[in-house]
Amino acid sequence: MTPRTTEDRAATAATERAQLPVRDRILDAADELFYTDGIRTVSADRIIAAASVSKVTFYRYFPTKDDLVVAYLELRASVEREAIEAIRTRHAGDPQGMLTALAQELAVVSCAPGFRGCPYINAAAEYSDPEHVVRRTVTTHRAWFAGVLQEQLDALGVTDPAVTDQLMMLRDGAMVHGDLGGSDGTRARTLLAAGRAVIRAAR
Numbered sequence: 368m369t370p371r372t373t374e375d376r377a378a379t380a381a382t383e384r385a386q387l388p389v390r391d392r393i394l395d396a397a398d399e400l401f402y403t404d405g406i407r408t409v410s411a412d413r414i415i416a417a418a419s420v421s422k423v424t425f426y427r428y429f430p431t432k433d434d435l436v437v438a439y440l441e442l443r444a445s446v447e448r449e450a451i452e453a454i455r456t457r458h459a460g461d462p463q464g465m466l467t468a469l470a471q472e473l474a475v476v477s478c479a480p481g482f483r484g485c486p487y488i489n490a491a492a493e494y495s496d497p498e499h500v501v502r503r504t505v506t507t508h509r510a511w512f513a514g515v516l517q518e519q520l521d522a523l524g525v526t527d528p529a530v531t532d533q534l535m536m537l538r539d540g541a542m543v544h545g546d547l548g549g550s551d552g553t554r555a556r557t558l559l560a561a562g563r564a565v566i567r568a569a570r
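For what it's worth, our numbering labels the leading residue of the sequence shown as 368, then goes sequentially.
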């Protein structure tokens, strides 16, 4: 089989995007461009061209770029939450198993083709004002994720919020490290060992 070129993949993506409802088409184009190239460097005109919509249509759905950025982050958050909820369901009543599976999933995600870091960390780096709507969207999702960790830690008898903060730092480190290479197996083992050491020290 002949390997697909970048142009082939782009053409396929454009064809698939054209089948989406208009709002989803705009959001799909923004998701790809924001994540690949950065939020502030991507203009509305680029997204309009990629989504094959008019400016009037674009601004009908997203009156400001901030509205689109928030929708992009909320889309990413909904996908991540769905994946994590599935893990939590599979490991109901087994907090250690839940945390282990979560670490393994993070390792796989951070080694996936096209991985360009955590979209929330990336967005926070571009929007430094903690009161900006984009930054607040990032904070909301990170608070949810921290709550998931704290819930599992509470079940293990580890109630110190500092431990949750430490696990969040490990998670963030794994996301940042994802661009630097390495296998998901190695990353999972490293993340698991570090996480277990943190939890063990808190008991």
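Glycine residues also receive a C-beta, built at the ideal position from the N, C-alpha and C atoms.
query                                                                                                                                                                               : result
Using DSSP with H/G/I as helix, E/B as strand and the rest coil, what is residue 494?                                                                                               : coil
From which residue to which residue does the alpha helix (DSSP H) around residue 475 run?                                                                                           : 462-477
Output the boundary residues of the alpha helix (DSSP H) element that contains residue 517.                                                                                         : 500-522
Cα separation between residue 430 and residue 559?                                                                                                                                  : 44 Å
Rounded to a whole number of angstroms, what is the C-alpha to C-alpha distance between residue 468 and residue 386?                                                                : 35 Å
Please report how far the alpha carbon of residue 471 lies from the alpha carbon of residue 485, in whole angstroms.                                                                : 16 Å
When you compare each of 420, 555 and 532 to residue 311 by their alpha carbons, which one comes out closest?                                                                       : Coverage of the chain is limited to positions 368 through 570, which leaves residue 311 absent and any answer about it impossible.
I think residue 543 touches residue 488, with their Cβ atoms under 8 Å apart; what is that distance to the nearest whole Å?                                                         : 7 Å
How would you call residue 403, buried or exposed, if buried means at least 16 neighbouring beta carbons within 10 angstroms?                                                       : exposed
Please say whether residue 417 and residue 399 have beta carbons closer to each other than 9 Å?                                                                                     : yes
Should residue 526 be counted as a contact of the ligand NAP given a C-beta to heavy atom distance under 8 Å?                                                                       : Among the components modelled here there is no ligand, and therefore nothing to report on the ligand NAP.
Please list, in chain order, all residues of the same chain as residue 437 whose beta carbon is under 7 Å from its beta carbon, the five residues on each side excluded.            : 500, 501 and 504
So, using beta-carbon positions, are residue 462 and residue 510 closer together than 9 Å?                                                                                          : no
For the alpha helix (DSSP H) holding residue 410, just list the boundary residues, first then last.                                                                                 : Unbroken run through residue 410: none, as it is neither H nor E.
Quick one: give me the first and last residue of the alpha helix (DSSP H) that residue 528 is part of.                                                                              : 528-544
Please report the straight-line C-alpha distance between residue 562 and residue 513, rounded to a whole angstrom.                                                                  : 14 Å
Leaving aside the five residues before and after residue 539 along the sequence, list all residues of the same chain whose C-beta is less than 8 Å from its C-beta, in chain order. : 485 and 488
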